[in-house]
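The sequence shown: position 391 = 454 (this note's numbering), numbered continuously. Built from N, CA and C at the ideal position, the CB exists for glycine as well. A quick note: this is a predicted structure, and the numbers were derived from the prediction, not measured. So the structure is just underneath, and the comments pick up after that.
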Amino acid sequence: MADLLVRNCLLSKNKDPQDILIRGGVIKDIASKITADNIPVIDADFHFVTAPFVDSHFHMDATLSYGLPRLNKSGTLLEGIKLWGELKPNLTADAVKERALKFCKWAIARGTLAIRSHVDVSGQNLVGVEALLDVRETMKGLIDIQLVAFPQDGLLRANCLDNLTAALDMGVDVVGGIPHFERTMEEGHESIRILCEIAEKRGLLTDLHCDETDDPMSRYAEKLALETIRLGLKGRVAGSHLTSMHSIDNYYFTKLISLLVEADLNIIANPLINITIQGRQDNYPKRRGLTRIPEQINAGLKVAFGHDCVMDPWYPLGSHDMLEVAHMALHCCHMTGIDDMISCFDAVTTNAASILHLDNYGINKGSNGDLVILQCKDPIEAIRLKPARLFVVRRGKVISSTSPVNYELNLGSKIEREDLLFKG
Ligand code: FE2
Numbered sequence: 064m065a066d067l068l069v070r071n072c073l074l075s076k077n078k079d080p081q082d083i084l085i086r087g088g089v090i091k092d093i094a095s096k097i098t099a100d101n102i103p104v105i106d107a108d109f110h111f112v113t114a115p116f117v118d119s120h121f122h123m124d125a126t127l128s129y130g131l132p133r134l135n136k137s138g139t140l141l142e143g144i145k146l147w148g149e150l151k152p153n154l155t156a157d158a159v160k161e162r163a164l165k166f167c168k169w170a171i172a173r174g175t176l177a178i179r180s181h182v183d184v185s186g187q188n189l190v191g192v193e194a195l196l197d198v199r200e201t202m203k204g205l206i207d208i209q210l211v212a213f214p215q216d217g218l219l220r221a222n223c224l225d226n227l228t229a230a231l232d233m234g235v236d237v238v239g240g241i242p243h244f245e246r247t248m249e250e251g252h253e254s255i256r257i258l259c260e261i262a263e264k265r266g267l268l269t270d271l272h273c274d275e276t277d278d279p280m281s282r283y284a285e286k287l288a289l290e291t292i293r294l295g296l297k298g299r300v301a302g303s304h305l306t307s308m309h310s311i312d313n314y315y316f317t318k319l320i321s322l323l324v325e326a327d328l329n330i331i332a333n334p335l336i337n338i339t340i341q342g343r344q345d346n347y348p349k350r351r352g353l354t355r356i357p358e359q360i361n362a363g364l365k366v367a368f369g370h371d372c373v374m375d376p377w378y379p380l381g382s383h384d385m386l387e388v389a390h391m392a393l394h395c396c397h398m399t400g401i402d403d404m405i406s407c408f409d410a411v412t413t414n415a416a417s418i419l420h421l422d423n424y425g426i427n428k429g430s431n432g433d434l435v436i437l438q439c440k441d442p443i444e445a446i447r448l449k450p451a452r453l454f455v456v457r458r459g460k461v462i463s464s465t466s467p468v469n470y471e472l473n474l475g476s477k478i479e480r481e482d483l484l485f486k487g
């Protein structure tokens with residue numbers, strides 16, 4: 064917990080530059096000119112200052128395992144799950160921890176200070192759970208990690224209810240599931256009922272991988288909404304992926320969306336992964352496979368985006384940059400209107416924080432002294448440029464910094480300096 068004065072910040076809410084005063088790790092004041100003695104000072108130099116990025120959906124137990132034990136040749140979700148199943152028996156807690164810790168540093172350097180990570184609880188042991196609980200504890204001063212007990216092989220298909228409850232007993236935070244991967248529609252529905260009842264009994268949040276398929280008949284979102292309403296869990300349940308919603312009949316969507324609104328179901332899309340995994344078996348035209356994000360936002364649902372994977376059995380790329388995630392969603396969903404673009408930024412910041420129920424998030428008096436200074440002027444420019452994270456501040460302490468990126472153009476005899484910011 065530290066003191067810090069950040070000068071000349073451009074904020075979303077204020078037109079004029081503001082200073083931000085952090086005392087004891089908490090934002091104490093935001094004003095056009097703040098004087099404070101004997102305190103470290105950094106100059107935002109009229110750049111955009113945002114609350115940190117929040118990744119609402121990730122798999123930290125699998126990250127950075129790309130190529131182990133082999134590559135995903137088809138690029139499909141199902142081969143990815145099979146490949147992960149081959150790797151899992153050979154995982155050690157030390158190896159998972161080492162990769163996850165390295166990944167956390169990548170995330171912090173790019174300004175992400177909170178991550179909800181699913182952790183696989185199916186299989187012969189809970190090595191991943193042990194490793195990520197350790198990582199959560201090790202990194203808690205730097206980054207908030209929320210863990211989801213995720214039965215990757217199916218709660219009922221793999222008979223892993225005992226593992227899931229054991230993981231929750233060990234301190235995993237959120238109840239996860241994968242109804243579309245259970246053996247039958249009936250078992251998919253049954254898994255949702257069981258998981259939501261566990262969440263209700265334990266007072267936990269729920270986040271299910273739900274309808275991550277191109278099959279328009281995959282309709283578990285309606286069951287998830289119904290259980291949410293029945294058990295009084297409104298606002299505490301998230302449906303992750305929901306990609307079949309891309310393919311469902313338009314009439315059914317008009318019926319479904321009102322049920323999702325009634326349940327106050329939170330939506331977590333994963334644009335980088337959805338655009339590469341979905342539509343794989345299509346001929347042309349190929350479906351994009353993202354859930355219906357603009358329609359969900361217009362209906363009043365809270366929508367966040369996750370990175371989902373970085374260099375693992377499902378995705379060979381990624382540096383964990385949440386602006387890359389927002390950029391992909393914006394393009395795939397035709398969200399180029401001003402409000403749409405702002406919504407994409409909110410999906411990797413405020414909306415994600417709200418879905419994770421993070422306390423004291425945001426650039427407000429009384430909030431945690433956490434912020435990121437980006438080498439740009441506003442949220443839209445942030446998505447356009449994916450600029451340098453000049454400073455990443457956690458509880459008043461600078462925990463990462465990057466030099467400003469500028470280009471020197473050698474145009475014949477003339478040297479020009481170009482900063483890529485929009486001057487129009
Ligand atoms: Fe996932």
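{"Query": "Run of the beta strand (DSSP E) containing Ile91, from where it starts to where it stops", "Result": "This sequence places Lys at residue 91; Ile is not what is there. Residues 89-94."}
{"Query": "Short Cβ contact (8 Å threshold) for Ser180 with Pro214", "Result": "no"}
{"Query": "Ligand 1 heavy atom lying under 7 Å from the CB of Asp371", "Result": "yes"}
{"Query": "Ser185 (DSSP reduced to helix, strand or coil)", "Result": "coil"}
{"Query": "Simplified DSSP assignment, three categories, for Gly487", "Result": "Low confidence applies here, because Gly487 scores a pLDDT of 48, under 50, leaving its location unreliable and the question unanswered by this model."}
{"Query": "Close Cβ partners of Gly487 (< 7 Å) along its chain, the five nearest in sequence each way excluded", "Result": "Below a pLDDT of 50, predicted positions are generally treated as unreliable, and Gly487, at 48, falls in that range; no measurement from the model is reported."}
{"Query": "Stretch-stretch touch, CB-based, cutoff 8 Å, three pairs: the stretch 78-87 with the stretch 133-151", "Result": "no"}
{"Query": "Closest by C-alpha distance to Arg452, when choosing among Val468, Ile338, Asn473", "Result": "Val468"}
{"Query": "Of the listed residues Ile90, Val411, Val366, Thr276, nearest to Asp433 (C-alpha basis)", "Result": "Ile90"}
{"Query": "heavy atom of ligand 1 below 7 Å from His383 C-beta", "Result": "no"}
{"Query": "Exposure label - Asn414; buried when at least 16 CB within 10 Å", "Result": "buried"}
{"Query": "Own chain residues within Cβ distance below 7 Å of Arg256, not counting five before or after", "Result": "Glu290"}
{"Query": "Per-residue burial, Ala230 [other beta carbons within 10 Å of its own, 16 or more giving buried]", "Result": "buried"}
{"Query": "is_contact[Gly148, chain D] using C-beta, thresh 8 Å", "Result": "As a matter of chain content, chain D is missing from the structure shown, which is built from one protein chain."}
{"Query": "Distance between beta carbons of Asp371 and Ile330, contact taken as under 8 Å", "Result": "Actually they are not in contact, since the Cβ atoms of Ile330 and Asp371 sit about 14 Å apart, beyond 8 Å."}
{"Query": "Counterpart residues of Gly240 in DSSP-defined beta bridges", "Result": "Leu271"}
{"Query": "beta-carbon His243 near ligand 1 non-hydrogen atom, thresh 7 Å", "Result": "no"}
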